[in-house]
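Asker: I have a structure here, written as structure tokens, and I will follow up with some questions on it.
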Amino acid sequence: MSKSSSKHTNKFVPISFFLTTYIMVQLYNYDFTLFGLSLAALLTFIGIWYLFKEYKIFSPHRSATFMNIDEISDQEFQQLLVPIFQNQGYSVNKMKETYKSKADLILRRKGEKAIVFLKRQANNVGSTVIKDAISCKPTYQASKVIVVSNRQFTKSAKLEARANKVILIDRDSLDALLDAYLQHKRSHRFIQRVRTLFFREDIKSDS
Numbered sequence: 001m002s003k004s005s006s007k008h009t010n011k012f013v014p015i016s017f018f019l020t021t022y023i024m025v026q027l028y029n030y031d032f033t034l035f036g037l038s039l040a041a042l043l044t045f046i047g048i049w050y051l052f053k054e055y056k057i058f059s060p061h062r063s064a065t066f067m068n069i070d071e072i073s074d075q076e077f078q079q080l081l082v083p084i085f086q087n088q089g090y091s092v093n094k095m096k097e098t099y100k101s102k103a104d105l106i107l108r109r110k111g112e113k114a115i116v117f118l119k120r121q122a123n124n125v126g127s128t129v130i131k132d133a134i135s136c137k138p139t140y141q142a143s144k145v146i147v148v149s150n151r152q153f154t155k156s157a158k159l160e161a162r163a164n165k166v167i168l169i170d171r172d173s174l175d176a177l178l179d180a181y182l183q184h185k186r187s188h189r190f191i192q193r194v195r196t197l198f199f200r201e202d203i204k205s206d207s
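In this text, residue positions in the sequence shown follow the UniProt record's numbering: the first is 1, and each later residue adds one.
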């Protein structure tokens, strides 16, 4: 059923393109002002269509990511965080796991160095994890320590982090960061497509 509808859609596209082109040519010859208004309306329609299409793709992707985040591997969790921090302006280096207290990511931005510890687990994160992360700070000569988890942090963990200026990213904060990253990615793709569209129009007008 889906293949049949897809074939019908593919056949309809060139017909629609031909009719639209024919109408636009006639309008151009008849009234340039009317042609300009029609072209603006057409580009607006295309822009709205792209936004709607991207929104449909974006929404399920976001839900699926967080629906399965507890089931992914530690390496996949690490990979998920790389573009999120890059979106914040950091350069990111992934570290291979050799012992439990080693940092998972090293971030650099404007001369600042931060180490990131990823804790994907079934229970809330306690203060022991925070203390272990703090103990690694001199080893990496880092100015910041960040602990990211798919769970929440206990009260003692929050107190320990506050006393040592450790940044905590819990499940809710991680959700917000991923949401911001996906919105940025969606907007960037849309802008690139619009630029491409206008670039093609400029080429046609020059020729």
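Quick reminder that beta carbons are idealized off the backbone N, C-alpha and C, glycines included.
1) For R162, which beta-bridge partners are listed by DSSP?
2) Check whether the segment 121-136 and the segment 81-94 are in contact - that is, three or more C-beta pairs closer than 8 Å.
3) Could you check what DSSP says for R109 in three-state terms: helix, strand or coil?
4) Determine the DSSP secondary structure at D29, reduced to helix, strand or coil.
5) Could you work out which residue in R120, A180, L27 and S16 is closest to V148 when comparing CA atoms only?
6) Between D31 and I46, what straight-line distance do the alpha-carbon atoms span, to the nearest angstrom?
7) Determine the direct distance from the alpha carbon of R151 to that of N123, and round the result to whole angstroms.
8) Could you give the residue range of the beta strand (DSSP E) that holds A146?
9) Can you list, in chain order, the residues of its chain with a C-beta nearer than 6 Å to that of H61? Leave out the 5 residues immediately preceding and following it.
10) Which residue wins for smallest C-alpha separation from I69, given the options L118, V145, L168 and I15?
11) Along the chain, where does the alpha helix (DSSP H) containing K137 start, and where does it finish?
12) Straight-line CA distance for I146 to W49?
13) Could you give the first and the last residue of the continuous alpha helix (DSSP H) run that contains V92?
14) Tell me K119's beta-bridge partners as DSSP assigns them.
15) Rounded to whole angstroms, what is the Cα-Cα separation between A161 and A41?
16) Please state whether DSSP places A114 in a helix, a strand or coil.
Answerer: Working from what's here:
1) In the DSSP output, where bridge partners are listed per residue, R162 has none listed.
2) No, the segment 121-136 is not in contact with the segment 81-94.
3) Here R109 sits in strand by DSSP.
4) Note on identity: in this sequence residue 29 is Asn, with Asp being the wrong assignment. In the three-state reduction of the DSSP assignment, N29 falls in the helix class.
5) When only C-alpha atoms are compared, the closest one is R120.
6) Their backbone Cα atoms lie some 22 Å apart in a straight line.
7) Using only the alpha carbons, I get a separation of about 7 Å.
8) The sequence shown places Ile at residue 146, rather than the Ala named in the question. Its beta strand (DSSP E) spans residues K144 to S149.
9) With a pLDDT of 42 at H61, under the threshold of 50, the modelled position of that residue is not reliable, and the figure given next carries that caveat. Contacts found: none.
10) Closest option to I69, Cα to Cα, is L118.
11) DSSP places K137 inside the alpha helix (DSSP H), whose first and last residues are K137 to Y140.
12) So the two alpha carbons sit approximately 40 Å from each other.
13) DSSP places V92 outside any alpha helix (DSSP H); the residue lies instead in the beta strand (DSSP E), whose first and last residues are S91 to K94.
14) DSSP lists S149 as partners of K119.
15) So the two alpha carbons sit approximately 54 Å from each other.
16) A114 falls in the strand class under three-state DSSP.
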